[in-house]
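Trainee: I'd like to ask you about the structure that follows.
Residue numbers (our numbering): 2 to 298.
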């Protein structure tokens, strides 16, 4: 039987470590990264982020987690409250789609997301909802509930179904791992017959940029072809472009699979927000262990 606390904490920390490592190379090309770092393996500062500082990816994942913990029966309003608190705190970086939705928001997240989608010629399939969705899988054991909350938290800001579909596929993989499956078979089972199936045999043809399909494709490819947590997040960080998000998405699943003790101590120790990561990990574990079958969502 899985030690759920060990694996839930591994997922939250794995996401945060990937995010913090990739923050140093976000928006850079591989050539620029090689010239600046050689091959990045250690936490580093950048012009925006301190060494060990996590970005909006982790901040929004924590907002999702806190919203669920506030009201697991009806989490979407509370998730939205935490989104607003984060945005009003003046974060260093906010994604383009997210920023537009915050500006359009007038009390209805789904209406704001739809309006932004229409205003931007149907372009709302960014990875901003994928980067934050993992806490849903950690919180809810019931598959139907998990899928619905995963879909809804995506639709709050990203109207395009491609974003929600990626979130659901990702969290279905996490659900399988939490029920004892190994990571690679869980990935292969969920990508069979989907647009992501080819990542098993070959690298994606597109860059690891902010389009949700590209982000998830690269994360799954590296998870299937590399054999350690460090290898996965390092290759994502050194690939550049949307490095923090790809590394966070991959790191979350890799940390979930291996558990907290497989994470390198130097990475864990470098993080600047360990207290809140511990609090959220503990909260999600207690919620899941309560045996609660949420029926109000």
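Glycine included, every Cβ here is placed at the ideal spot set by N, Cα and C.
Tell me whether the beta-carbon of residue 113 lies closer than 8 Å to the beta-carbon of residue 107.
Mentor: Stepping through the chain shown from its first residue, residue 113 is reached at position 112. Stepping through the chain shown from its first residue, residue 107 is reached at position 106. For residue 113 and residue 107, yes; Cβs fall inside 8 Å.
Trainee: Using only the alpha-carbon positions, how far apart do residue 156 and residue 111 sit?
Mentor: Reading the chain shown from its first residue, position 155 is the one you call residue 156. Reading the chain shown from its first residue, position 110 is the one you call residue 111. Cα-Cα distance, rounded: 6 Å.
Trainee: Distance cutoff 8 Å, beta carbons only. Does residue 37 sit that close to anything in chain B?
Mentor: Chain labels in this structure do not include chain B; a single protein chain is all it has.
Trainee: What does a CB cutoff of less than 8 Å around residue 41 pick up in its chain, not counting 5 residues either side in sequence?
Mentor: As a first step, residue 41 must be located in the chain shown, where it is residue number 40. Only 22, 25, 26, 34, 235, 238, 239 meet the Cβ criterion.
Trainee: Where residue 91 and residue 202 are concerned, what is the direct C-alpha to C-alpha distance, given to the nearest angstrom?
Mentor: Here residue 91 refers to the residue found at position 90 of the chain shown. Here residue 202 refers to the residue found at position 201 of the chain shown. So the two alpha carbons sit approximately 42 Å from each other.
Trainee: With distances taken from CA atoms, which of 96, 17, 67 is nearest residue 287?
Mentor: Position 286 of the chain shown, counting from 1, holds the residue named residue 287. Ranking 96, 17, 67 by Cα distance to residue 287 puts 67 first.
Trainee: Under a three-way DSSP split, which group does residue 11 fall into?
Mentor: By 1-based counting over the chain shown, the position of residue 11 is 10. Three-state DSSP puts residue 11 in a helix.
Trainee: For residue 123, which three-state DSSP category applies?
Mentor: By one-based count along the chain shown, residue 123 stands at place 122. Residue 123: coil per DSSP, three-state reduction.
Trainee: Looking only at its own chain, which residues have a Cβ that is under 6 Å from the Cβ of residue 295, when we skip the five neighbours before and after it?
Mentor: Locating residue 295 in the chain shown gives position 294, counting from the first residue. With a pLDDT of only 48 at residue 295, under 50, the local geometry of the prediction cannot be trusted, and the value read off the model is given with reservation. Within the same chain, residue 295 has close Cβ partners 73, 74, 146.
Trainee: Output yes or no for whether 8 Å exceeds the beta carbon distance between residue 219 and residue 205.
Mentor: Taking the first residue of the chain shown as position 1, residue 219 is located at position 218. Taking the first residue of the chain shown as position 1, residue 205 is located at position 204. Yes, these two residues count as a Cβ contact at 8 Å.
Trainee: Assuming residue 277 contacts residue 119 (C-beta within less than 8 Å), just tell me the rounded distance between them.
Mentor: As a first step, residue 277 is located in the chain shown; it is residue number 276 there, counting from the start. As a first step, residue 119 is located in the chain shown; it is residue number 118 there, counting from the start. The pair is not a contact, with the Cβ atoms about 36 Å apart (cut-off 8 Å).
Trainee: Note down, one range per segment and in chain order, each beta strand (DSSP E) of at least 3 residues found wholly within the segment 92-164.
Mentor: none
Trainee: Do the segment 173-187 and the segment 206-218 touch if we need at least three Cβ pairs shorter than 8 Å?
Mentor: no
Trainee: What are the boundary residues of the alpha helix (DSSP H) that includes residue 220?
Mentor: Translated into positions along the chain shown, residue 220 becomes position 219. Residues 213-226.
Trainee: Relative to the C-alpha of residue 121, which candidate in 97, 53, 166 has its C-alpha closest?
Mentor: Here the question's residue 121 lines up with position 120 in the chain shown. If we check each option's Cα against that of residue 121, 97 comes out closest.
Trainee: Just tell me which of 194, 242, 231, 246 has its CA closest to the CA of residue 217.
Mentor: The sequence position of residue 217 within the chain shown is 216, counting from 1. Closest by alpha carbon: 246.
Trainee: Between the Cα of residue 129 and those of 241, 226, 79, 160, spot the shortest distance and give me the residue it belongs to.
Mentor: One-based indexing of the chain shown puts residue 129 at position 128. With distances taken between Cα atoms, residue 129 lies closest to 160.
Trainee: Just to confirm the assignment, what range does the alpha helix (DSSP H) spanning residue 271 have?
Mentor: Sequence index remark: in the chain shown, residue 271 carries index 270 (1-based). From DSSP, the alpha helix (DSSP H) with residue 271 extends over 266-271.
Trainee: Count the other CB atoms, across all protein chains shown, that sit within 10 Å of the CB of residue 37; report buried if there are 16 or more and exposed otherwise.
Mentor: By one-based count along the chain shown, residue 37 stands at place 36. With fewer than 16 other Cβ atoms within 10 Å, it is exposed.
Trainee: Would you mind reading off the limits of the alpha helix (DSSP H) that contains residue 208?
Mentor: Here the question's residue 208 lines up with position 207 in the chain shown. Residue 208 -> no alpha helix (DSSP H), and no H or E assigned at all.
Trainee: Helix or strand or just coil, what does DSSP make of residue 4?
Mentor: Numbered from its first residue, the chain shown carries residue 4 at position 3. DSSP places residue 4 in coil when its eight states are reduced to three.
Trainee: Quick check: the Cα distance between residue 199 and residue 32, rounded to an integer number of angstroms?
Mentor: Position 198 of the chain shown holds residue 199. Position 31 of the chain shown holds residue 32. So the two alpha carbons sit approximately 26 Å from each other.
Trainee: In whole angstroms, what separates the C-alpha of residue 267 from that of residue 109?
Mentor: Position 266 of the chain shown holds residue 267. Position 108 of the chain shown holds residue 109. Each residue's Cα considered, the two are about 42 Å apart.
Trainee: So, for residue 131: in the same chain, excluding its five sequence neighbours on each side, which residues have a beta-carbon less than 7 Å away from its beta-carbon?
Mentor: Reading the chain shown from its first residue, position 130 is the one you call residue 131. Taken in chain order, the residues that qualify are 164, 167, 168, 171, 213, 216, 217, 250.
Trainee: Between which two residues does the alpha helix (DSSP H) containing residue 82 stretch?
Mentor: For this step, residue 82 is matched to residue 81 along the chain shown. Its alpha helix (DSSP H) spans residues 76-89.
Trainee: Could you tell me the boundaries of the alpha helix (DSSP H) in which residue 289 lies?
Mentor: Stepping through the chain shown from its first residue, residue 289 is reached at position 288. Residues 275-290.
Trainee: Assuming contact is defined by CB atoms lying nearer than 8 Å, are residue 105 and residue 117 in contact in what I supplied?
Mentor: As a working note, residue 105 is residue 104 in the chain shown. As a working note, residue 117 is residue 116 in the chain shown. The answer is yes: Cβ separation under 8 Å.
Trainee: Which word fits residue 195, buried or exposed, when buried means at least 16 other C-beta atoms lie within 10 angstroms of its C-beta?
Mentor: The count along the chain shown starts at 1 and reaches residue 195 at position 194. The residue is exposed, with fewer than 16 neighbouring Cβ atoms inside 10 Å.
Trainee: For residue 221 versus residue 197, is the C-beta spacing smaller than 8 Å?
Mentor: Position 220 of the chain shown, counted from the first residue, corresponds to residue 221. Position 196 of the chain shown, counted from the first residue, corresponds to residue 197. Against a cut-off of 8 Å, the Cβ pair of residue 197 and residue 221 comes out as a contact.
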